[in-house]
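Chains as they are written, first to last, in our numbering: chain V, 10 to 123; chain A, 17 to 132.
Take a look at the structure below.
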């Protein structure tokens, strides 16, 4: 079955450390997205990518970085510059073209500070 | 800018009760509208969608009608089950010409708790 795989499910970060969250999809979607979810809040967009080797900042990109070297993969790095990284991170993908296309989500990675 | 407003939760119901979760939106143009569901510890799953005015999306007994005149997309179910307990998110998708992609804007989510 096609889908989006995020790993790890739980991740702990020490002060001053960079950590990378993995996102892989086999849906053959061009566009991929990273969201942050805080308790009791909706999702906020961190970064998105429409095609390989291209990505754009979302609404809360500071302290994060991404790469898109392969169509299937869109890893997110939470850098030490992100002072409040504790959150639930969700990766999504969608076909690039066609208005109204829904996004498909992975099961998320929960990041906590040690 | 575009936005989505959902009723605050939690919504607590007995099994077999009728469910309504209100959702209103503000948008330029003609967005598509979605309801997503999130079970504990999981990602979001698409529940239903509507792409134009007066469309009704439906799935698993849930329904929502795209009402342009009231800018609403309320979620309803005639008889809820314990297994429907989850967080429900209303969202709109507008084509962003500047970015050339479909941006999803979410409401804050409404937690539903159904007890036997």
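From the three backbone atoms N, C-alpha and C, an ideal C-beta is built for every residue, glycine too.
These figures come from a predicted structure and were not determined experimentally.
Run of the beta strand (DSSP E) containing residue i, from where it starts to where it stops
{"i": "residue 126(A)", "result": "126-131"}
{"i": "residue 97(A)", "result": "It is not in any beta strand (DSSP E) - residue 97(A) carries neither H nor E in the DSSP assignment."}
{"i": "residue 7(V)", "result": "The first residue shown for chain V is 10 and the last is 123, placing residue 7(V) beyond what the model contains."}
{"i": "residue 32(A)", "result": "That residue, residue 32(A), is in no beta strand (DSSP E); it is neither H nor E in DSSP."}
{"i": "residue 49(A)", "result": "48-54"}
{"i": "residue 70(V)", "result": "First-last for residue 70(V): undefined, no H or E at that position."}
Beta-carbon spacing of residue i, residue j below 8 Å
{"i": "residue 13(V)", "j": "residue 114(V)", "result": "yes"}
{"i": "residue 67(V)", "j": "residue 91(V)", "result": "no"}
{"i": "residue 92(A)", "j": "residue 35(A)", "result": "yes"}
{"i": "residue 105(A)", "j": "residue 25(V)", "result": "no"}
{"i": "residue 52(A)", "j": "residue 107(A)", "result": "yes"}
{"i": "residue 85(V)", "j": "residue 29(V)", "result": "yes"}
{"i": "residue 103(A)", "j": "residue 54(A)", "result": "yes"}
{"i": "residue 22(A)", "j": "residue 125(A)", "result": "yes"}
Selection from the options that minimises the alpha carbon distance to residue i
{"i": "residue 68(A)", "options": "49(A), 78(A) and 54(A)", "result": "49(A)"}
{"i": "residue 78(A)", "options": "84(A), 88(A), 71(A) and 94(A)", "result": "94(A)"}
{"i": "residue 81(V)", "options": "117(V), 101(V) and 87(V)", "result": "101(V)"}
{"i": "residue 123(V)", "options": "36(V), 35(V), 93(V) and 53(V)", "result": "93(V)"}
{"i": "residue 43(A)", "options": "105(A), 73(A) and 109(A)", "result": "109(A)"}
{"i": "residue 28(A)", "options": "121(A), 107(A), 98(A) and 64(A)", "result": "98(A)"}
{"i": "residue 65(A)", "options": "112(V), 121(V) and 120(V)", "result": "112(V)"}
{"i": "residue 65(V)", "options": "131(A), 119(A), 31(A) and 21(A)", "result": "119(A)"}
{"i": "residue 11(V)", "options": "29(V), 59(V) and 34(V)", "result": "34(V)"}
{"i": "residue 30(A)", "options": "125(A), 96(A) and 127(A)", "result": "96(A)"}
{"i": "residue 74(V)", "options": "43(V), 19(V) and 109(V)", "result": "43(V)"}
{"i": "residue 37(V)", "options": "58(V), 109(V) and 103(V)", "result": "103(V)"}
Residue i to residue j span [Cα, whole Å]
{"i": "residue 78(V)", "j": "residue 55(V)", "result": "18 Å"}
{"i": "residue 27(V)", "j": "residue 118(V)", "result": "15 Å"}
{"i": "residue 38(A)", "j": "residue 39(V)", "result": "33 Å"}
{"i": "residue 116(V)", "j": "residue 31(V)", "result": "12 Å"}
{"i": "residue 99(V)", "j": "residue 45(V)", "result": "6 Å"}
{"i": "residue 70(A)", "j": "residue 21(V)", "result": "46 Å"}
{"i": "residue 123(A)", "j": "residue 18(A)", "result": "11 Å"}
{"i": "residue 58(A)", "j": "residue 101(A)", "result": "13 Å"}
{"i": "residue 53(V)", "j": "residue 132(A)", "result": "34 Å"}
{"i": "residue 47(V)", "j": "residue 89(A)", "result": "24 Å"}
Within the region 24-108 of chain V, ranges of the alpha helix (DSSP H) (whole runs, at least 4 residues): none
Near-chain D residues of the region 29-44 of chain V - C-beta to any C-beta below 7 Å: The structure shown contains no chain D; its protein chains are V and A.
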